[in-house]
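What the sequence shown shows, in mature numbering (1 follows the signal peptide of the UniProt record, and there is no 0), is residues -19 to -1, 1 to 313, in sequence order. Even glycine gets a Cβ: it sits at the ideal position worked out from N, Cα and C. Written out below as structure tokens is the structure these notes cover.
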Amino acid sequence: MRSLILASLMGATALPVLAQEVNVYSHRQPELLQPLIDAFTAETGIKVNVAFVDKGMVERLKAEGDRSPADLVMTVDVARLGEVKDAGVTQAVTDEALTVVPEGLRDADNQWFGLTTRARIVYASKERVADGEVTTYEDLADPKWKGRICTRPFTHDYNVALTAAFLKHHGAEETKAWLEGVKANLAKKPEGGDRDQVKSIWAGECDISLGNTYYMGAMLKDDEQKQWAESVRIVFPTFAEGGTHVNVSGVAMTSSAPNKEAAQKLMDFLVSDEAQKIYAETNNEFPVSDHVERSELVASWGDFTADATPLSEISALRPEALKLIEEVNFDG
């Protein structure tokens, strides 16, 4: 059985290890990365091979061990970045170019680095929710929202990270009470993804939902989903004594990294102004670099102040946050 598992992990999408190439295991669909890869290869001549690893990335890297062909891991959400670090399958990278990433958006031990940010916001019905009616994350537990909130499962990484941030601000007792309050306000059982919640608002099943900002851009490009997007507006709630919760897509170098020098060049490129502009225009995300402007569409959503809590501290609290979510049986 163990041999079969290893064969499954290492077989179908194994990547070649060749000079002047970089091998990437990615949670993101390769087509989202292709414009960046094309620009990097055109500039450096270094080929980039991307294997889409939707599930079991940590297990795969641990099974491959020192024989892993992967140089870099690219993933979304601080929880997943923390997971690969905690598994011991990454290494620290110290490089001047990477200091463009703000301290709060990179690992304190330089094991992972944010490449883009997205805010965890509220999508609010234009028809049924007044301007200023939603102001804070704490407010979502107010009984005035009873039967009016939709959300994807809270055990999903995006909501675990939000809960971990709430935990950092308020402690376990208040966080559990908040989770119970939000659950009591749900219009229906948590299910689906962030875009499904916007569809539910459009259909009149609820009035507000939690979601990531970039989904608005994705919906506006889809003929069917555009009407969902146009039925809501983006609201940037804050913590009562903080800012708006943000998360990242990020990169980490694997502990095995057979093409370390070329991989380092790709990491440096991904935080360059050129790459950050590509991210901003194609993926509807916020650049981590202060040197790069948001795209016109993203800028149209409005300004906000990001919460100052370092994401490495939020990542460390995710096991406790998940435990609280399960204690209140939020998704049940």
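Using the beta-carbon count (16 or more within 10 Å), is residue i buried or exposed?
i, result
"Glu2", "buried"
"Pro268", "buried"
"Thr116", "exposed"
"Phe311", "buried"
"Ile295", "buried"
"Gly69", "exposed"
"Ala60", "buried"
"Asp76", "exposed"
"Asp284", "exposed"
"Trp93", "buried"
"Ile306", "buried"
"Ser(-12)", "Its pLDDT being 40, under 50, Ser(-12) is placed unreliably by the model, and nothing is read from it."
Span of the beta strand (DSSP E) holding residue i?
i, result
"Glu2", "Glu2 to Ser7"
"Gly69", "First-last for Gly69: undefined, no H or E at that position."
"Thr235", "Val227 to Thr235"
"Ile27", "No beta strand (DSSP E) holds Ile27; DSSP gives it neither H nor E."
Among the options, which one has its Cα closest to the Cα of residue i?
i, options, result
"residue 324", "Ala221, Tyr195 and Thr136", "Nothing about residue 324 can be reported from this structure: the residues present for the chain run from -19 to 313 only."
"Glu108", "Thr75, Cys187, Ala158 and Ala168", "Cys187"
"His226", "Asp254, Glu255, Asn193 and Gln208", "Asn193"
"Ala289", "Glu155, Gly173, Glu222 and Phe135", "Glu222"
"Ile27", "Asn240, Leu303, Ile259 and Val309", "Asn240"
"Asp47", "Ala111, Lys125, Ser236 and Leu201", "Ser236"
"Ser253", "Tyr139, Arg9 and Thr80", "Thr80"
Looking at the secondary structure, which residues open and close the alpha helix (DSSP H) in which residue i lies?
i, result
"Asn140", "Asp138 to Ala165"
"Ile306", "Arg299 to Glu308"
"Lys258", "Asp254 to Thr263"
"Ala244", "Lys241 to Leu251"
"Gly41", "Looking at the sequence itself, residue 41 is Arg, so the reference to Gly does not match. Counting along the chain, the alpha helix (DSSP H) containing Arg41 begins and ends at Met38 to Glu45."
With distances taken between CB atoms, is the gap from residue i to residue j smaller than 8 Å?
i, j, result
"Met55", "Val232", "yes"
"Pro16", "Thr263", "yes"
"Leu62", "Ala51", "no"
"Gln178", "Cys131", "yes"
Since residue i and residue j should fall inside the 8 Å C-beta cutoff, what is the C-beta to C-beta distance between them, to a whole number of angstroms?
i, j, result
"Asn265", "Ala199", "7 Å"
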